[in-house]
Every structure is written in structure tokens, then in C-alpha cells.
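Student: Mapping of the sequence shown onto the working numbering: residues 15 to 279, in sequence order.
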Amino acid sequence: ERYVDPLERGGVFSIYPYLFYSSVEHLYKANREDDMLDAIEGSKGRTIIDSLEKESLREFSNFELYNVRELLYPLLLRENAHYISYHVDDDCSYISLVTKSGAISSHQVTLGKSQLEVWYRKNLHNPASWTGQFIKTDIIKELGPLVSFLKPFIEKGVIEENDHICYSADHLLYLFPLHFVKIGNKPLIDLFTVSRIHNAGHLINLLSKPLKRPDRCLTVEVPSQTDVKKPEIVSDFSVSANLLKQKFGSGHQHLHHSEASRDAV
């Protein structure tokens, strides 16, 4: 069914906005892990559908899913991956983890919208602001609880080094790069490959389609005037382009410095 008014899709949650947050809290406390995941993913799916239908005037139905774990498991197993979904409440966050073995667990951490908004106002979502003599917040350490719950799963071998982790953020958490956050003394990105997605429905939709590998690619390298004076930085810019050239061969095109004009791009 197509909803002209997005509020209709939300049903009773549109009338009582705090009811959904209360529902997630009660599902967590009742250890109803599958139901909590379905509730979180259903909410994210409705938001995606509303946005897509508003922009395209087409109907979408495959982002609002239930029985999420059952649908995810074979795909995660095939891709050697794990899925994490975050739901951010005012003063805490709820986390659902589905591993490649199909196991599900739920977690709560005392870090929510209120704190994220404070950090956002201080520009601490931007890695460029993380260093300096006036920075008093170790944001990587502060964000630690959002990934530290993975440690027992790593120690038990449920999650193995070099596995893939795909996560769906929520609220302002979308702006904070979790791949820099450490487990122990290593950033998440040093232990696993990491990606971010809108919700599980989006992930299932992507992984259920035949994989189409591109046969061409374009890289554009335009260092700033300041960086041009630093050879070590300029050489780093070429690393990705060189790797892609090895992979795509004649299908790779590289625009460098003045070659990368607006018309050329």
C-alpha cells in the first residue's frame, strides 16, 4: 500500500513519538533480541521508504523487513560478515549484533543523543578536530563503548580478524567515523574491513542481487597548493590510483592536477 502521508506509515508511533523508544527499551529488558532487531530495522526501513517515495514518486517495499536475522544469516555466512544495528535514545544506545553464525545479541551503552549533540556542536565528529593543544575530549576513547561490546566475541573466535563488519548507525552517530574507534589498542579498521549502510533491508537487497563488477574506473587527483609542497603527502595520493590501475589496466583513467578540469571530470 502506498502512503501519501508518511505519518500514516508510522501508525501509532507517529501519534506518540516516545512510544517507539519505550518499546525498544522494553524489548531489550525482556531479552527479546529478535523482536528488538526487527523493531529497530522496521523503523529505519520506514524512514528510507518515505524518503525514496517522496523523491521518486515510486513505491518501495523491500526496506521494511521483519524476521531480519533469518534473512540476514545466509548472506552474512556467505560474505564472512557480521551486522550491527544502532538505535540511539536520549541517554543511551541499543545495539543489535547478528554474527556470521546466525547468533544474535543485544546490548545497551550509556551514550546517547544528548552526548552526541554536545560533541557535534564542538565539531568532534570531524577527525581533523581530534588533535591540538586545546582538545580536551579523547573522542576515540569516549566512543569506545559503541564497539567494545565486540571484544568477548573476538576472544571466543565468533568474530575473527579480517572478517567484515557492516553497521547501520542512527541519529548523529552517522557523522562519527566508528572505524577509527579502538578495541583494545587497535582501531576497528585495523582488525576488520568495515562498511556502513542505511539498514538491514538495504543490505539484504544489495547482497541478494547478482554481483556486477565494474570494468572501468576514473581516479581524480587534485592536491591543494599547500600539499603540493609536501612530496610525502602527494605520493600518498597516488597509492589508491596505482592500485586501481593494477586492477583495471586499460579500463583505468587517471586525471592528475591540471588535467582534472571541471569539463574533463
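For each residue, glycine too, the CB sits at the ideal point set by N, CA and C. None of the values given here were measured: they were computed from a predicted structure.
1. Please list the terminal residues of the continuous alpha helix (DSSP H) segment that includes serine 254.
2. Let me check understanding here. Comparing Cα to Cα, which of Glu84, Phe167, Asn140 lies closest to aspartate 52?
3. Using three-state DSSP, classify isoleucine 153 as helix, strand or coil.
4. Take lysine 127 and list the residues in its own chain whose beta-carbon comes closer than 6 Å to its own, dropping the five residues that flank it on each side.
5. Bridge partners for serine 128 per DSSP, in chain order?
6. State the CB to CB distance for the pair isoleucine 109 and tyrosine 97, rounded to an integer number of angstroms; the pair is presumed to be in contact (CB under 8 Å).
7. Per DSSP, valine 283 is paired with what?
8. Can you tell me which of Leu90, Gln260, Val234 puts its alpha carbon nearest to the alpha carbon of alanine 274?
9. Only counting the same chain, and skipping five residues up and downstream in sequence, which positions put a Cβ closer than 7 Å to that of alanine 278?
10. Quick check: the Cα distance between phenylalanine 167 and histidine 271, rounded to an integer number of angstroms?
11. Ignore the nearest five residues each way along the sequence and tell me which others in serine 107's own chain have a CB closer than 8 Å to its CB.
12. Would DSSP call tyrosine 17 helix, strand or coil?
13. Looking only at DSSP bridge pairs, what is valine 123 linked to?
14. If you run the structure through DSSP and keep just helix, strand and coil, what is lysine 170?
15. Exposed or buried, threonine 240, counting other C-beta atoms within 10 Å across all chains shown (16 or more means buried)?
16. Quick check on the DSSP output: the alpha helix (DSSP H) that includes valine 102 runs from which residue to which?
17. Quick check: what's the CA-CA separation for serine 143 versus valine 248?
18. Per DSSP, what kind of secondary structure is arginine 210 in: helix, strand or coil?
19. Consult DSSP for serine 162 and reduce its assignment to one of helix, strand or coil.
20. Kindly give me the distance between the Cβ atoms of serine 264 and valine 172, rounded to whole angstroms, as I take these residues to be in contact under 8 Å.
21. Between which residues of its own chain and isoleucine 203 is the CB-CB distance below 6 Å, once the five residues before and five after are set aside?
22. Does the distance from the CB of valine 195 to the CB of isoleucine 154 come in under 7 Å?
23. Tell me whether tyrosine 281 is buried or exposed, calling it buried when 16 or more other Cβ atoms sit within 10 Å of its Cβ.
Tutor: Here's the rundown:
1. 245-262
2. Glu84
3. Correct three-state label for isoleucine 153: helix.
4. Val102, Asp104, His185
5. The partner list for serine 128 (beta bridge, DSSP) is empty, contrary to what the question assumes.
6. With a Cβ gap of about 11 Å, isoleucine 109 and tyrosine 97 do not count as contacting.
7. Given a span of 15 to 279 for the chain in the structure shown, any question on residue 283 remains unanswerable.
8. Val234
9. Leu269
10. 46 Å
11. Tyr100, His101, Gln122, Val123, Leu125, Gly126, Leu160, Asp184, Leu187
12. The predicted position of tyrosine 17 is uncertain, since its pLDDT is 44 and thus under 50; a value taken from the coordinates is nonetheless stated next. In the structure shown, tyrosine 17 sits in coil (DSSP, three-state: anything other than H, G, I, E or B).
13. Ser107
14. coil
15. exposed
16. Note, valine 102: premise wrong, no alpha helix (DSSP H); beta strand (DSSP E) at 95-102.
17. 22 Å
18. strand
19. helix
20. Actually they are not in contact, since the Cβ atoms of serine 264 and valine 172 sit about 43 Å apart, beyond 8 Å.
21. His193
22. yes
23. It is not possible to answer for residue 281, since the shown part of the chain is limited to 15 through 279.
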